[in-house]
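These notes concern the structure reproduced below.
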Amino acid sequence: MDVPQIRPAVRSDDDALSVLDRAVWSTLHAVTPRPEPPYGLFFDERHPPGEFLVAEAAEGVVGYIRIGRPTPLVSNAHVRQIQGLAVQERARGRGVGRALLRAGALHARNQGARRLTLRVLGHNTAARQLYASEGFVVEGVAREEFLLDGAYVDDVFMALPLA
Ligand SMILES: CC(C)(COP(=O)(O)OP(=O)(O)OC[C@H]1O[C@@H](n2cnc3c(N)ncnc32)[C@H](O)[C@@H]1OP(=O)(O)O)[C@@H](O)C(=O)NCCC(=O)NCCS
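Here the sequence shown stands for residues 10 to 172, where the numbers follow our numbering.
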């Protein structure tokens, strides 16, 4: 695989991102049920293309990150949150996730954010190691917040100062 380019998502990425999102679904990171047909659009009013960056390789889109606002409150406008990060299975382990994370942090900083937060499941070792290696620290843990595949799983809150 060549080095993917990270770029803002555009509306025409909808199909590729829908397919990717369904392919990577797993209780390692998803707390919603496995998507079933008929599948909706990837982008909608609550998930506009402007909140996404994609990693594009020669074969197409291989990953994405979503950077949104945790709330619409003016008092919370200095915070951005990672609300999705995924890399196609066959493209993993080659730095794509890290490149998306770095581009996402830069994107948040360019929007004037002082803080970048996220929630990650306690059993998601790969993602937790990636976040920790980029400077995110654990600020809180909601114990046994989700019941997934018959096991209670922690929800870990992490944050990175940007300012
Ligand atoms: C988490 C994810 C985005 C990482 O993507 P990736 O492209 O494989 O990550 P990278 O190749 O950039 O790896 C960066 C770091 O992540 C960690 N990491 C990646 N895969 C790992 C694994 N299988 N086990 C442990 N750590 C791992 C390592 O710290 C790695 O750094 P290193 O290569 O210097 O050891 C990818 O595994 C994924 O899409 N997972 C499913 C969706 C998900 O869990 N999203 C996060 C939701 S909070």
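Ideal placement from N, C-alpha and C gives every residue a C-beta, glycine not left out.
{"Query": "Cβ shell of Ala117 (< 7 Å), same chain only, five flanking positions each side left out", "Result": "Ile76, Arg89, Leu125 and Leu171"}
{"Query": "Environment of Leu82 [buried if 16+ CB atoms lie within 10 Å]", "Result": "exposed"}
{"Query": "Inter-stretch contact (C-beta, 8 Å, three-pair minimum) for the segment 104-118 and the segment 154-163", "Result": "no"}
{"Query": "With 16 other Cβ atoms within 10 Å as the buried cut-off, status of Glu60", "Result": "buried"}
{"Query": "Beta bridge counterpart(s) of Pro174 as assigned by DSSP", "Result": "Residue 174 lies beyond the stretch modelled for the chain, which goes from 10 to 172, so this question has no answer here."}
{"Query": "Any non-hydrogen atom of ligand 1 closer than 8 Å to Gln138 Cβ", "Result": "yes"}
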